[in-house]
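Structure record follows, encoded as structure tokens.
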């Protein structure tokens, strides 16, 4: 072995504590540690199944699917929470939640600041807590047979006979038949479920708000079929008004609701394609009925609009024009379309 080799053949023990090691450790503090400084957790050990799991694509989004029973339970749970916090009747808590788009946090904040103002704003009389409602004198919203009552709408009734009547918290009382017709027209005719208001034209708890009928009162005067439709409409408005990112599945005869937390700005880089339990594939971002990947939602919307415009143009041409009978014998450059049977429009090659 040469002399140069002997100079480099140094024992590790003699190298420890030298100036070279100290200089290296001082210039590289992150690498200056011993085996005792490393804390190895058994949970951090290499997991082959995790390594083989495919990475999440930008096309994959997290979403949940709810049945109609889940939607009803969610409404009941949020209603119970508001009732427990403020001591309200369930029917009044539902009206408040619907007014605030089922934004429970916003309702709690606004109601805590000024309860009476919020109650009047949504069409409820002040003092609608559970304690106040337990007093029958403070609760005129009930069915009642009144002798000698004359309904101001249908003018039915007589001085000797008694008829079934109903009054809301505002005190306006009409016969039950008129209330029933009023609710059926709102539900079946107009598809209303958010706010069915008092029939009195000048009923205004505040300067511009009428008293709102509760779900409990509606269920007492309408038939089962009408009330079932009312509940279906109420579930629909819960999904439409909810700010949690809920949407009905577009599949035929499917009542499932899909929840996907995707924002408008996310649609520039993500394509939220969802698959319902019924097998329906749709885009949660642009409501496209199908899978339009890899095209973004904005591009898909432009394409759909172009197809609709082309279809309208084709329909107009089919309805207002007909082919020239001499097209088959003329050269291609002279082929024409006869518009309105009289006008001849030459086509460009």
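Numbering (my numbering), first residue to last: 1440 to 1788.
Ideal Cβ placement from N, Cα and C applies to all residues, glycine included.
Here the structure is a predicted model, which means the values were calculated and not measured.
Measuring CA to CA, which of the options is closest to residue i?
i	options	result
residue 1661	1699, 1689, 1724, 1616	1616
residue 1533	1698, 1653, 1663, 1726	1653
residue 1622	1595, 1717, 1612, 1658	1658
residue 1558	1639, 1528, 1729	1528
residue 1696	1618, 1541, 1677, 1581	1677
residue 1543	1562, 1672, 1565, 1515	1515
residue 1517	1547, 1584, 1687	1547
residue 1666	1704, 1682, 1642, 1619	1619
residue 1608	1680, 1530, 1545, 1681	1530
residue 1562	1626, 1526, 1538	1538
residue 1507	1675, 1553, 1500	1675
Distance check for residue j and residue i, CA to CA, integer angstroms please.
i	j	result
residue 1656	residue 1601	21 angstroms
residue 1634	residue 1651	6 angstroms
residue 1599	residue 1586	7 angstroms
residue 1524	residue 1719	40 angstroms
residue 1750	residue 1744	10 angstroms
residue 1740	residue 1685	21 angstroms
residue 1624	residue 1738	42 angstroms
residue 1594	residue 1560	31 angstroms
residue 1736	residue 1536	32 angstroms
residue 1742	residue 1727	11 angstroms
residue 1565	residue 1637	16 angstroms
residue 1730	residue 1669	34 angstroms
residue 1605	residue 1629	22 angstroms
residue 1642	residue 1612	11 angstroms
residue 1716	residue 1710	19 angstroms
Just mark residue i as buried or exposed, buried being the case when its beta carbon has 16 or more other beta carbons within 10 Å.
i	result
residue 1663	exposed
residue 1551	exposed
residue 1692	exposed
residue 1815	Coverage of the chain is limited to positions 1440 through 1788, which leaves residue 1815 absent and any answer about it impossible.
residue 1700	exposed
residue 1733	exposed
residue 1582	exposed
residue 1681	buried
residue 1756	exposed
residue 1758	exposed
residue 1673	buried
residue 1470	Residue confidence is low: residue 1470 scores 43 on pLDDT, short of 50, so the model does not pin down where it sits. Its coordinate-derived value is still stated next. Label assigned to residue 1470: exposed.
residue 1724	buried
Have a look at the DSSP bridge pairing and note the partners of residue i.
i	result
residue 1502	1699
residue 1584	1603
residue 1712	1722
residue 1613	1605
residue 1687	1696
residue 1636	1651
Which ranges does the alpha helix (DSSP H) cover as unbroken runs of at least 4 residues, wholly within the stretch 1505 to 1571, from first to last along the chain? 1507 to 1525, 1529 to 1538, 1543 to 1552, 1554 to 1561
What are the start and end residues of each continuous alpha helix (DSSP H) run of 4 or more residues lying completely inside the stretch 1721 to 1759, in chain order? 1736 to 1759
Quick check on the DSSP output: what are the complete alpha helix (DSSP H) runs of length 4 or more inside the stretch 1651 to 1687, in order along the chain? 1654 to 1660, 1663 to 1680
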